[in-house]
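Novice:
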Amino acid sequence: MTSDIKVGSLEEEALKRKERLRALKRKPEQDSNGTNTSSENLPKPTFRSYKPQDEQLQENTLPNTKPSDLESEVKEQLESAKTAKTLIEDLDITNLAPRKPDWDLKRDIAKKLDKLERRTQKAIAELIRERLRSNKEDLSTIVNVAALTNDKQRNDEDE
1 MTSDIKVGSL EEEALKRKER LRALKRKPEQ DSNGTNTSSE NLPKPTFRSY
51 KPQDEQLQEN TLPNTKPSDL ESEVKEQLES AKTAKTLIED LDITNLAPRK
101 PDWDLKRDIA KKLDKLERRT QKAIAELIRE RLRSNKEDLS TIVNVAALTN
151 DKQRNDEDE
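Sequential numbering from 1 applies to the sequence shown in full-length UniProt numbering.
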């Protein structure tokens, strides 16, 4: 008897599965017939330049838009163009050109070199004054010597 009960319950389960499969097969058929489709799911058209004759569709038309104030927009663009033009004029070509690899080092040391250059000039002037006091030599020869030392220092800096 236990085997009869098992067979009976298995048959019932098989019948239930068959019924579920039939229901699943019927469901797509019902959808294709249009019984479940609703008009609420469809998107509503919006009309911008077209004016429909149907009263129901006229509700979906967009209101006429007014053109924006073009004069103010043009004035703003002209003003921005003027500022851009001044920016272009302010731009220096040397800033755009590629630089040597050591340009940053030279930039960083420039202040120190200027300070040293001033000290050097003061020292040269002081040396000239001392020679004038001590030797009482001809002024032109001393100035020539100072000029030569200046030129020599500048040549050394360039190298």
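Glycine is no exception: its CB is placed at the ideal position from the N, C-alpha and C atoms.
This one's a predicted model, so the numbers in the text were calculated from it and none came from an experiment.
Terminal residues of the continuous alpha helix (DSSP H) containing residue 68?
Specialist: Along the sequence shown, read from residue 1 onward, the residue named residue 68 stands at position 68. Taken as a continuous stretch (DSSP letters only), residue 68 belongs to no alpha helix (DSSP H), as it is neither H nor E.
Novice: Determine, using beta carbons only, whether residue 83 and residue 124 come nearer to each other than 8 Å.
Specialist: Position 83 of the sequence shown, counted from the first residue, corresponds to residue 83. Position 124 of the sequence shown, counted from the first residue, corresponds to residue 124. No, the Cβ-Cβ distance between residue 83 and residue 124 is not below 8 Å.
Novice: What do you reckon, are the CB atoms on residue 64 and residue 45 nearer than 8 Å?
Specialist: Start at 1 with the first residue of the sequence shown, and residue 64 comes out as number 64. Start at 1 with the first residue of the sequence shown, and residue 45 comes out as number 45. No, they are not a contact pair.
Novice: In whole angstroms, give me the CA-to-CA distance for residue 11 and residue 31.
Specialist: If you number the sequence shown from 1, residue 11 lands on position 11. If you number the sequence shown from 1, residue 31 lands on position 31. Roughly 31 Å separates the two Cα atoms.
Novice: Of the residues 42, 43, 62, 41, which one's Cα is nearest the Cα of residue 51?
Specialist: Here residue 51 refers to the residue found at position 51 of the sequence shown. Residue 62 is the option with its Cα nearest to residue 51.
Novice: From residue 99 to residue 108, what does the alpha carbon distance come to, in whole angstroms?
Specialist: Residue mapping note: residue 99 aligns to position 99 of the sequence shown, counting from 1. Residue mapping note: residue 108 aligns to position 108 of the sequence shown, counting from 1. If I take the Cα positions, the gap works out to 15 Å.
Novice: For residue 46, list the residues DSSP reports as bridge partners.
Specialist: Residue mapping note: residue 46 aligns to position 46 of the sequence shown, counting from 1. DSSP lists no partner for residue 46.
Novice: Is there at least one non-hydrogen atom of the ligand FAD closer than 7 Å to the beta-carbon of residue 130?
Specialist: The ligand FAD is absent from the structure shown, which contains no ligand whatsoever.
Novice: Over what stretch of residues does the alpha helix (DSSP H) that includes residue 59 continue unbroken?
Specialist: In the sequence shown, residue 59 corresponds to position 59, counting from 1. It is not in any alpha helix (DSSP H) - residue 59 carries neither H nor E in the DSSP assignment.
Novice: Measure the beta-carbon distance from residue 128 to residue 147 and round it to whole angstroms, keeping in mind my assumption that it falls under 8 Å.
Specialist: On the sequence shown, residue 128 is found 128 positions in, with the first residue counted as 1. On the sequence shown, residue 147 is found 147 positions in, with the first residue counted as 1. Contact doesn't hold; Cβ gap of about 10 Å is too wide.
Novice: Along the alpha helix (DSSP H) that carries residue 54, what are the first and last residues, could you check?
Specialist: As a first step, residue 54 must be located in the sequence shown, where it is residue number 54. Neither: residue 54 is in no alpha helix (DSSP H) and is coded neither H nor E.
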